Every structure is written in C-alpha cells, then in structure tokens.
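S.K.: Have a look at this one before I ask anything.
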Amino acid sequence: MAFIYLSNHFLFKEKNIINNENEPKHSTECIINIINIKQDYVYTIFNLLATIISVISLLIVTYGALIAFIAFTINELKRFTGKYTSINIRRLRATFGTYLLLGLEFLIASDILKTVLEPTLNELAILGGIVVLRTVLSVFLNKEIKELEAENEGSGEP
C-alpha cells in the first residue's frame, strides 16, 4: 500500500491529482490519468516517428536530385568531346524518377501516421494527393523503363 501511495504521489504530483491531505484521489481517477499520460507519450512518439520519416523522404529526394544533377552535368560536358548521347538523359530521368518514387513512398508512410494521429479532412486530402501523384509518376516511370529496356535489347547494351 505504501508503494502504491508513493508511486501515485510521484507520478501525479505535477498533475495536481493529490488532494490537501496528501492522499491520492479515487483510484479510478488515478488509472484514467495514467492512461492519459501513456496516450500522450504514444502520440508524441508516433508524431516524432512521422517527422523522422518525413525527413528521410526529404533526404532521399535531395540525394536523388544531387545524383541526377551531377550525372546531367557530366553528360552535358561530354558534348565538348563528342561523347554525348540522349539515351543517357533518358536513363537519368528513370534513375531520378526512382528516387522520387522512393521518397514519395516514405512521405506516404509519414502522412499515414499523421492521418492516424489527427484524422482531419485536410490530412486525408494531403495523403490522397500524394498517393495519386505517386501512382501517376509510377505509371509513367515504369513505361519509360520498359522503353529503355527495349532500346537496350535492340542496341545490345547491358
């Protein structure tokens, strides 16, 4: 009994759940407050997780853009040596699109968590928009990759 009193005293001291006689209030009120505190922690953890996943998405897209920019610059510099080919630009677009798709996948995961935490119409609309964008991008990227594979088979390139 002393342990329960001490744990309730320290757990709920900041929440003003202890009355003037230093006795815990009704035990069901203490249990409800424990549940509320745990819900706050769960909300905070999932919100932090959603933010981390959003940052990962941003890093993936940024990395893909950086790689694409470097490859594009190298390909454009090949114009001076006569080794420029337009097929490299198409490969570059397919590679960059793959990074975009992966970044959008992470963004969808983040938005799903945010929608579960705060199920508002705004969050649902954002999630729907991202899913539509990802689907459209995926369809066109897959079409372009198949065309590149067909060109590579025809030219004998790997």
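The opening position of the sequence shown corresponds to residue 8 in the working numbering, with each subsequent residue numbered one higher.
All C-beta atoms in this analysis are idealised placements derived from N, C-alpha and C, irrespective of residue type, glycine included.
Note that this is a predicted model, so its numbers are computed, not measured.
1) Label Leu55 either buried or exposed according to how many other C-beta atoms from any shown protein chain fall within 10 Å of its C-beta, with 16 as the threshold for buried.
2) Alpha carbon to alpha carbon, what distance is there between Leu107 and Ile59?
3) So for Gly4, helix, strand or coil by DSSP?
4) Going straight from the alpha carbon of Arg97 to that of Glu151, what length do you get?
5) Should the region 109-121 be regarded as contacting the region 73-81, the criterion being three or more beta carbon pairs within less than 8 Å?
6) With 16 as the cutoff for other CB atoms within 10 Å, does Leu84 come out buried or exposed?
7) Compute the distance between the beta-carbons of Thr102 and Ala75, then report whether it is under 8 Å.
8) Return the Cβ separation of Glu158 and Ile94 in integer angstroms, given the expectation that the two are a contact with Cβ distance under 8 Å.
M.R.: In terms of the structure at hand:
1) Flag for Leu55 reads exposed.
2) Cα to Cα, Ile59 sits roughly 18 Å from Leu107.
3) Any answer about residue 4 is impossible in this case: the structure gives the chain only from 8 up to 165.
4) 8 Å
5) no
6) exposed
7) yes
8) 7 Å
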